[in-house]
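Visitor: Sharing a structure, written as structure tokens. Questions coming.
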Amino acid sequence: MDISEQNANEFSEAEKDLKVKIPKELKHILEINGYTLLSLIAEMTDEDVENVEKFSREVLPNLIELGQHKEYFEIFHAAPEKCTFLNGHKKLIFCLQKYYKELSKNMYSSTVELAVESVENKNDSQASTSFQVQVFLKTNLLN
């Protein structure tokens, strides 16, 4: 599965769970800006969104063929240098950010619960070390 397919699956899940349709141009712009993992979208800030917009205006038009402008810029396809996220798209980005952050927390909780179960089945010294290492790694990967 390539990155585009992986993103399509992740976006499809978000669309289903949030009951929204993520515009294809928004998906393309996020993907071409390197937001190819849900954990990256989960950590997006206002500054990141501004940087994505700036890249879309200043760099992206020179990277894609004219025939692809509509695919990336939709209503701004005739003047991509004026491209900005529509207010609703910005809200959708932050909705996705919250969704993926919550999804990451839930995945982390499930992993910690499994680690605790695993610890309960080992001898005390080995279990304690194993649990500490797993919690340390999971905590530092998410923060």
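Take 8 as the starting number for the sequence shown in our numbering and just add one per residue.
All C-beta atoms in this analysis are idealised placements derived from N, C-alpha and C, irrespective of residue type, glycine included.
1) Cα separation between Glu88 and Ser63?
2) In whole angstroms, what separates the C-alpha of Ser19 from that of Tyr79?
3) So, Glu60 versus Cys90, is the Cβ gap smaller than 8 Å?
4) Look at the Cβ atom of Ile29, then the Cβ atom of Leu99, and state whether they are nearer than 8 Å.
Guide: Quick answer:
1) Locating residue 88 in the sequence shown gives position 81, where the first residue counts as 1. Locating residue 63 in the sequence shown gives position 56, where the first residue counts as 1. Near 8 Å, if we compare the C-alpha coordinates of Ser63 and Glu88.
2) Walking along the sequence shown from the start, residue 19 turns up at place 12. Walking along the sequence shown from the start, residue 79 turns up at place 72. Straight-line Cα distance between these residues: approximately 19 Å.
3) Within the sequence shown, the letter at position 53 stands for residue 60. Within the sequence shown, the letter at position 83 stands for residue 90. Cβ atoms of Glu60 and Cys90: closer than 8 Å.
4) As a working mapping, residue 29 is identified with position 22 in the sequence shown. As a working mapping, residue 99 is identified with position 92 in the sequence shown. Yes, these two residues count as a Cβ contact at 8 Å.
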